[in-house]
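What follows is a short report on a single structure.
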Amino acid sequence: MRAIDAIKANADEGGLEAALSAGITTAQILPGSANVIGGTGVVVKTAPKVVVDEMVVRNPSGMKIAFGENPRRVYGVEQKKMPA
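Under the working numbering, the first residue of the sequence shown is numbered 1000, with each subsequent residue one higher.
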């Protein structure tokens, strides 16, 4: 997964505008950590633009990899969930 795709899909939710109003001018956005390899992150300016690609500072900015508790919790053998 690419974090830039999530920004494009949810650009109208107001999260970046809220960050800007709190004084955050630049943010690195990463995918979640449920998967071992989550995907690539992106660094963006929080000032709104008509086209999301104009906000990008660096894409990709890194890769999200998680070997800790979240992948084990999601995919571990000791899940205590009942079948649906």
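Note that the Cβ used here is the ideal one computed from N, Cα and C, for glycine as well.
Being a predicted model, the structure only gives us computed values, none of them experimental.
query, result
"Sequence-distant residues of its chain with Cβ nearer than 6 angstroms to residue 1036 (five each side left out)", "1064"
"Among 1047, 1070, 1072 and 1000, the one whose alpha carbon lies nearest that of residue 1025", "1047"
"Residue 1031 to residue 1062 span [Cα, whole Å]", "11 angstroms"
"Residues of its chain near residue 1042, where Cβ-Cβ distance is below 6 angstroms and the 5 sequence neighbours each way are ignored", "1027, 1056, 1057 and 1060"
"Boundaries (first-last residue) of the alpha helix (DSSP H) holding residue 1058", "First-last for residue 1058: 1055 to 1064, but that is the beta strand (DSSP E), not the alpha helix (DSSP H)."
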